[in-house]
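If you read the sequences in order, they're chains F and H.
Counting from 3, one number per residue, gives the positions in the first sequence under the numbering used here.
Counting from 7, one number per residue, gives the positions in the second sequence under the numbering used here.
Glycine included, C-beta positions come from ideal geometry on N, C-alpha and C.
Scroll down for the structure; my scribbles are underneath it.
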Amino acid sequence: QQQVKQSPQSLIVQKGGISIINCAYENTAFDYFPWYQQFPGKGPALLIAIRPDVSEKKEGRFTISFNKSAKQFSLHIMDSQPGDSATYFCAASTLAGGTSYGKLTFGQGTILTVHP
Amino acid sequence: KAGVTQTPRYLIKTRGQQVTLSCSPISGHRSVSWYQQTPGQGLQFLFEYFSETQRNKGNFPGRFSGRQFSNSRSEMNVSTLELGDSALYLCASSLVSGQALYFGNGTRLTVT
C-alpha cells in the first residue's frame, strides 16, 4: 500500500516535444506529491509539487496533472530541451501525520533523454 | 544561501567496519532526513529528524542509526557493514517535515 509506481522506465523525446511521465499510488493518505529531477553525480532537486485539492499545477514548462479518483498523477514537460535529459522521480508523502509523515515514498525513476 | 552539505563525498570501507556520514542542512531548516539510493531499490527512506527527535524510520535493520544535534546538523551511522550497504546516501533538509526537501549531493559508500 505504500508503493508509488512510475512509468515509463525510460523515455526518448525529440527537442521541442512533450515528455510525459506517469505515477500511480495506492495509499489514500498521501496528500503531497512532488517531482524531483536528478542529474548524474547530483542529489535530486525539487521541480514542482501538488496537493490533492487541485487538479493541475504549472511552473514554466513543467506541469503536474493530478487525478484523485484514479490515484494517478503525471508530469508533463513542454518544449523539451536537451538540458532536460535527467532522471525524474515522482514521490508521495503525508503532511497530516500517520506512518508516512515526514517520509517521501519514491517511484522507481524515469530516465529522460531529449535528442537535439 | 548554502545548500545541504554532505561529507565525505566518497567512502570505501571493508565488511564488518562501521561508518559515520555527516550532513549540514540549509540554515533554518530543522528537519533532516536520510535516504539510500541504489540501482536496484531506488530511493528508500531511512529516517527523519526534527529538532533532535526521530519522527519516522524506514524499514532498515538496526545497524542503521542516526542522530540530530541542536544546530540541526545530522549524522548517520552504519555498523557491521555488509556488501549490500554499498549505495549513495542522501541527506535532505526542509522547513516542514516531508515537504519541499532539498537534497545534498550524497555520500557514495562502497563496501568491499
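Annotation: Cβ neighbours of F:S95 in chain H (cutoff 8 Å, chain order): G104 and Q105. Beta-bridge partners of F:V56 (DSSP): none assigned. Taking a C-beta distance under 8 Å as the contact criterion, H:V25 and H:L115 qualify as a contact pair. Listed in chain order, the non-local C-beta contacts of H:L17 below 8 Å within the same chain comprise V25, L27, T113, R114, L115 and T116, local neighbours out to five positions each way being set aside.
Take the alpha-carbon of H:L87 and the one of F:T112: they are about 30 Å apart.
Against chain H, a Cβ distance below 9 Å from F:F91 picks out G48 and L49.
Of all alpha-carbon atoms in H:G110, H:L52 and H:G104, the one lying nearest the alpha-carbon of H:S37 is that of H:G104.
In the DSSP assignment, the residues bridged to H:L49 are H:Q43.
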